[in-house]
Amino acid sequence: MKKTTLQYRLTFFLIASCFLGVHAQYTNVINSNKPGFSESPYSVGTGIYQFESNLFYRDMSIESTFSQPQSLGIDLLFRTSFFLEKLEFSTHLSYQRDQVAFNNVFTSNDFTSGLSNATIGAKYLVFQQEFTDKSKEVRSWKKRNAFDKKRLIPSVAVYAGFNTNFLGDLHKTSKVSPKLGVLLQNDLSNDFNVITNFYYDKMGTDAAEFSYIITGTYSFNDRWSTFFENQGIFKKEQKDTNIGTGIAFLLTTNLQVNASARGMFEGNSTGYYTSLGVSYRIDRHQDSYIELDDNGNPIEDSPEDKLKKKNFFGRIFSIFKKKDPAEKGTEKETTKKKKKRRGFFGLFKKKKETALEKIEREIKELEKKIKKDGNLPSNIMK
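Numbered according to the numbering used here, the sequence shown spans residues 27 to 408.
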């Protein structure tokens, strides 16, 4: 039987993100910011719903008249990405129980609980550094193992958010305030990277602060990694600093556990901070694709398919969308030509058979022939 193009047409899929290739933000395993305080410039990818949590304990020495020597709480971060692979939305919440100390002749204590942080924000990857693939270099060992100077130029993202004022009395500010940041990442090797963050937080309030975070992360293997971090916070009245380290273990592709410890230096007070955390993601990511025909040309959607892909509002507004005059004129002209060509006798003219209808007709004729003869034709048996 003669092979037809329609019967043996192959469909090819080009896996791509919204910007294709290296611009994809999605990774096969969870990419958590925990247990550090810094944030990577990369988003989690579309269709990802990621939850990062830390149970923490903070203990500081009592130096000032009013202080918070001890705090126990939970830190929650929700991350997701939609619309664009490079765009991520996040919600950061912290709830804690604080010991409030009054230090005078005698030291008295009180306890209070509530939200200490409630921030909603978004970040966008402005620039992603690309590296030379040296795995294909087989002629020179020196070139294969040489340091790529492009790694000194970081990937860059910008962050913008706002601090809500639904906080406990101890942490409440005068008003809702913006938070701006610049996020950098240098992948100095396949196993070691450096993340640098700069933030201007609580802008327009008495508690406004500028901060930096520098984090070095090293991966021992596919499951174990460690980090070292330094954070500096510049406030109106004092400067706070902390130095920390920790480890993270990848249980599954979507689940990570971590632990950290750090020394705290806040004004004249010193202390420590410890945390245990879990990060989990729900992976609903789907790679976009382009369907090609036999010749490698993109297959365009029919008007019905285009309408199905539109959202509710897109369908509504497409009804009122004004057609292109040139397109409208061409459509009218084509319709008139068809009517003129058909005429009255065109109503009785036999409809032209499509390729699919032709195949269906041939199959039916073949089935009738098999039933009649009781055996397959010789050209199929070959």
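From the three backbone atoms N, C-alpha and C, an ideal C-beta is built for every residue, glycine too.
Local conformation of residue i per DSSP, three classes
i: residue 120; result: strand
i: residue 294; result: coil
i: residue 88; result: coil
i: residue 388; result: helix
i: residue 111; result: coil
i: residue 396; result: helix
i: residue 301; result: strand
i: residue 149; result: strand
i: residue 170; result: helix
i: residue 163; result: coil
i: residue 105; result: strand
i: residue 177; result: helix
i: residue 65; result: coil
i: residue 383; result: helix
i: residue 71; result: coil
i: residue 266; result: strand
i: residue 156; result: coil
i: residue 56; result: coil
i: residue 271; result: strand
i: residue 135; result: strand
i: residue 288; result: strand
CA-to-CA distance, residue j to residue i, given in whole angstroms
i: residue 35; j: residue 397; result: Low confidence applies here, because residue 35 scores a pLDDT of 39, under 50, leaving its location unreliable; read the following figure in that light. Rounded to the nearest angstrom, the two C-alpha atoms are 29 Å apart.
i: residue 164; j: residue 218; result: 24 Å
i: residue 102; j: residue 77; result: 7 Å
i: residue 384; j: residue 313; result: 36 Å
i: residue 177; j: residue 239; result: 19 Å
i: residue 255; j: residue 143; result: 21 Å
i: residue 104; j: residue 280; result: 14 Å
i: residue 196; j: residue 138; result: 8 Å
i: residue 252; j: residue 224; result: 22 Å
i: residue 259; j: residue 192; result: 23 Å
i: residue 242; j: residue 209; result: 14 Å
i: residue 395; j: residue 381; result: 21 Å
i: residue 141; j: residue 277; result: 30 Å
i: residue 248; j: residue 194; result: 41 Å
i: residue 81; j: residue 284; result: 10 Å
i: residue 386; j: residue 311; result: 39 Å
i: residue 183; j: residue 211; result: 9 Å
i: residue 237; j: residue 299; result: 18 Å
i: residue 48; j: residue 117; result: At residue 48, the pLDDT of 40 sits below 50, so the modelled position is not reliable; the number obtained from the coordinates is stated separately. Looking at the two C-alpha atoms, the distance is approximately 27 Å.
i: residue 110; j: residue 205; result: 22 Å
i: residue 226; j: residue 232; result: 13 Å
i: residue 64; j: residue 88; result: 28 Å
Exposure of residue i, with buried meaning 16 or more beta-carbon neighbours within 10 Å
i: residue 166; result: exposed
i: residue 263; result: exposed
i: residue 52; result: buried
i: residue 244; result: exposed
i: residue 56; result: buried
i: residue 62; result: buried
i: residue 246; result: exposed
i: residue 158; result: exposed
i: residue 214; result: exposed
i: residue 114; result: buried
i: residue 393; result: exposed
i: residue 152; result: exposed
i: residue 156; result: exposed
i: residue 124; result: buried
i: residue 99; result: buried
Residue i CB to nearest heavy atom of the ligand PLP below 7 Å
i: residue 210; result: This structure does not include the ligand PLP; it has no bound ligands of any sort.
Query raised in the report: Is the segment 198–213 in contact with the segment 165–172, if contact means three or more CB pairs nearer than 8 Å?
Result: The segment 198–213 is not in contact with the segment 165–172.
Requested in this report: Enumerate, from N- to C-terminal direction, the unbroken alpha helix (DSSP H) stretches of 4 or more residues contained entirely within the segment 179–264.
Outcome: You should have found no qualifying run.
Report task. Pair every Cβ in the segment 281–295 with every Cβ in the segment 256–268, then say whether three or more of these pairs are closer than 8 Å. Result -> With the cut-off at 8 Å, the segment 281–295 and the segment 256–268 touch.
Query raised in the report: Is the segment 145–154 in contact with the segment 180–196, if contact means three or more CB pairs nearer than 8 Å?
Result: Yes, the segment 145–154 is in contact with the segment 180–196.
Report task. Would you check if there are 3 or more beta carbon pairs closer than 8 Å linking the segment 298–310 to the segment 61–78? Result -> Three or more Cβ pairs drawn from the segment 298–310 and the segment 61–78 lie within less than 8 Å of each other, which places the two stretches in contact.
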